[in-house]
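> Residue numbering for the sequence shown follows the working numbering, beginning at 419 and increasing consecutively. The C-beta atom is built at its ideal place from N, Cα and C for all residues, glycine as well. Please read these numbers as outputs of a predicted model, since none were measured by experiment.
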Amino acid sequence: IQKFEKHDVYDYDWKLYPYKEQPPSGLEGYSGNFGIRDANYYPDFRDSAKKIGFFVEKAGFKSVDTMIAINQGIIIELLKKYGPVKMDAYNLTIDHTNFSRIVSTLVEARVFPYKKLDTGHTYQSPKEFLFRFMEVFIKQLGEKGDIFGYLNIFVDHFKKHEILITSKNTETEAFLRELGTQESWFSSQGNLIYPIFTSLSANKSDRYMKRALIVKTESLSGCIVHNTVRLNSDHAITIDEQIKTRKLLHDFGIDDPAEQERLSFIEGNGVNKQYIRFLVPRDSLLDSGLDMKTEARTGNYTIFSTFHRTEPMKSSVLEFGYTTKVPNCVPTVESYLQPGIRGMEVVRE
């Protein structure tokens, strides 16, 4: 790596207003436009990468030929094994249990507000705290020097498709395919179910969601089966978490009640709203009378979609059924988890 640059996504977004598009299905009622912040929307990461690349170029930045998507789960796992990280300048100790809450709260509170700098960066971003944390953590990892330990975590996340990679370069993409970068749901010939969650909450309540996906399968005739699906969702934010968030804000001089309330909502003390798409075998038909729609039949799958909400410290249930023809005639459910989704159990009945 000869050069490493850090950019806030808003650095791109500010330059994209003339090029933003109409939101795709499921987002149209919640946002008036569709830009780079929203572009990791598609089930296939290759489609998301194409759209992200389009927006990057329209924003005036250099074209990107290879994209890697890494979610914060790998940082949390590294913190669990090699943390905590002491941020002495801010009297903070960050570990795997509080990383999301602390970093997100200080970013949203704009402890580092936007302002012009005399350094190489055009602007200091509110995400400056995250950048400074990463500088300290990377230095700490370098001092520990457990190269094989780091590689094991990276390879594990790669194998689980928690790290996604794709390239516009034909040779590079072919090499990546040989390494197994293509998610297995894409070519599934079985009784596939793959729930994809798109948050519409305008808050960080996703970090508190605990879910269980229960699928009951009944064989009918030949390769035809009927699946009954139940999604249990628990919004598991606690009073203790809310108190910790408010104390953190107080420690950084944010005591205005209205501002504390606003930031408490952003940090997860609000309704969790989801647009959920279920990828199932192509020849699938929803049971009648359901408040869901069949969105698309493409490739080897069909998409069923709906909206769902869960109140703070409460539970919710989403149920539906459908009949499907399983391509390989094996009725056993093949379930797949979206990258970055933690706290979801899958039960097959």
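According to DSSP, simplified to helix, strand and coil, what is P699?
Position 281 of the sequence shown holds residue 699. DSSP places P699 in strand when its eight states are reduced to three.
> In chain order, what residues of the same chain have a beta carbon less than 6 Å from the beta carbon of L736, not counting five sequence neighbours either side?
As a working note, residue 736 is residue 318 in the sequence shown. Only L649 and H726 meet the Cβ criterion.
> Run the CB neighbour count on P461, radius 10 Å, all protein chains shown included, and call it buried at 16 or more, exposed below.
By one-based count along the sequence shown, residue 461 stands at place 43. With 16 or more other Cβ atoms within 10 Å, it is buried.
> Quick one: any contact between the stretch 596-607 and the stretch 746-761, if contact means 3 or more CB pairs under 8 Å?
Output reads yes: the stretch 746-761 touches the stretch 596-607.
> From the DSSP output, in three-state form, read off D673 for me.
For the purposes of this step, residue 673 is taken as residue 255 along the sequence shown, with counting starting at 1. D673: coil per DSSP, three-state reduction.
> What residue does the alpha helix (DSSP H) around K476 start on, and which one ends it?
Numbered from its first residue, the sequence shown carries residue 476 at position 58. Note, K476: alpha helix (DSSP H), F463 to K476.
> Once you ignore the five residues that flank K383 on each side, which residues in its own chain have a CB closer than 7 Å to its CB?
In the structure as shown, the chain begins at 419 and stops at 767. Residue 383 is therefore absent and cannot be evaluated.
> For a test of the three-state rule: what should DSSP assign to E737, helix, strand or coil?
Along the sequence shown, one-based indexing puts residue 737 at 319. Strand.
> What does the alpha-carbon distance come out to for the pair D465 and K476?
Position 47 of the sequence shown, counted from the start, is the residue given in the question as residue 465. Position 58 of the sequence shown, counted from the start, is the residue given in the question as residue 476. Whole-angstrom Cα-Cα distance: 17 Å.
> My output table needs one value for R760: the three-state DSSP class, helix, strand or coil.
As a working mapping, residue 760 is identified with position 342 in the sequence shown. Looking at R760 - three-state DSSP - the assignment turns out to be coil, as it is neither helix nor strand.
> Using the rule of at least 16 other Cβ atoms within 10 Å of the residue's Cβ for burial, across every protein chain shown, is K732 buried or exposed?
Within the sequence shown, the letter at position 314 stands for residue 732. K732 should be labelled exposed.
> How should S443 be labelled, buried or exposed, when 16 other C-beta atoms within 10 angstroms of its C-beta is the threshold for buried?
Numbered from 1 along the sequence shown, position 25 holds the residue referred to as residue 443. It is exposed - the Cβ of S443 has fewer than 16 other Cβ atoms within 10 Å.
> Quick check on this structure: which residue in M485, R528, D483 and I571 has the alpha carbon closest to the alpha carbon of L496?
Indexing the sequence shown from 1 puts residue 496 at position 78. When each option's Cα is compared against that of L496, the closest is I571.
> So V744 is in the alpha helix (DSSP H); what residue range does that whole segment cover?
Residue numbering aside, residue 744 sits at position 326 when the sequence shown is read from its first letter. Run containing V744: none; DSSP gives neither H nor E here.
> Helix, strand or coil: which one does DSSP assign to F722?
The residue labelled residue 722 in the question sits at position 304 within the sequence shown. Strand, per DSSP.
> Does the distance from the CB of H575 to the CB of I694 come in under 8 Å?
Position 157 of the sequence shown, counted from the start, is the residue given in the question as residue 575. Position 276 of the sequence shown, counted from the start, is the residue given in the question as residue 694. In this structure, I694 does not lie closer than 8 Å to H575 by Cβ.
> Assuming P757 contacts H579 under a Cβ cut-off of 8 Å, what Cβ separation, rounded to an integer in Å, is found between them?
The residue given as residue 757 occupies position 339 in the sequence shown. The residue given as residue 579 occupies position 161 in the sequence shown. Sure, about 6 Å apart at Cβ, within 8 Å.
> List the whole-angstrom C-beta distance separating L697 from L610, where the pair is believed to meet the contact cut-off of C-beta under 8 Å.
On the sequence shown, position 279 is the one that residue 697 refers to. On the sequence shown, position 192 is the one that residue 610 refers to. At roughly 6 Å, the Cβ-Cβ gap stays under 8 Å, so L697 and L610 are in contact.
> Might you give, ordered along the chain, the residues of its own chain that have their beta carbon closer than 6 Å to the beta carbon of A714, omitting 5 neighbours on each side?
Residue mapping note: residue 714 aligns to position 296 of the sequence shown, counting from 1. Only I721 meet the Cβ criterion.
> Quick check on E679: buried or exposed, where buried means 16 or more other Cβ atoms within 10 Å of its Cβ?
Translated into the one-based positions of the sequence shown, residue 679 becomes position 261. Label assigned to E679: exposed.
> Flag this pair as touching only if the stretch 668-675 and the stretch 585-592 have three or more C-beta atom pairs under 8 Å; answer yes or no.
At 8 Å Cβ cutoff, the stretches do not touch.
> From the DSSP output, in three-state form, read off A592 for me.
Along the sequence shown, read from residue 1 onward, the residue named residue 592 stands at position 174. Helix.
> Is it buried or exposed for T728, if we count other Cβ within 10 angstroms and need 16 for buried?
As a first step, residue 728 must be located in the sequence shown, where it is residue number 310. Buried, since its Cβ has 16 or more Cβ neighbours within 10 Å.
> According to the neighbour-count rule (16 or more other Cβ atoms, all chains shown, within 10 Å of its Cβ), is L638 buried or exposed?
Taking the sequence shown and counting its residues from 1, the one referred to as residue 638 is at position 220. The residue is exposed, with fewer than 16 neighbouring Cβ atoms inside 10 Å.
> State the DSSP-derived secondary structure class of E685, mapped to helix, strand or coil.
Within the sequence shown, numbered from 1, the residue matching residue 685 stands at position 267. Coil.
> Quick test of your reading: F551 and I512, contact by CB under 8 Å. State the CB separation rounded to the nearest angstrom.
For this step, residue 551 is matched to residue 133 along the sequence shown. For this step, residue 512 is matched to residue 94 along the sequence shown. Contact holds; Cβ gap of about 7 Å.
> Mind checking whether E767 and K628 have CB atoms under 8 Å apart?
As a first step, residue 767 must be located in the sequence shown, where it is residue number 349. As a first step, residue 628 must be located in the sequence shown, where it is residue number 210. No, Cβ-Cβ distance for E767 and K628 is not below 8 Å.
> Answer yes or no: the CB of F572 versus the heavy atoms of the ligand PLP, is any distance below 7 Å?
Because no ligand of any kind appears in the structure shown, any question about the ligand PLP cannot be addressed here.
> Tell me which residues share the same chain as K577 and place their Cβ nearer than 8 Å to its Cβ, disregarding the 5 neighbours each side in the sequence.
For the purposes of this step, residue 577 is taken as the residue at position 159 of the sequence shown. Once the five neighbours on either side are set aside, the close Cβ partners of K577 are G598.
> According to DSSP, what are the bridge partners of P613?
Along the sequence shown, read from residue 1 onward, the residue named residue 613 stands at position 195. F696.
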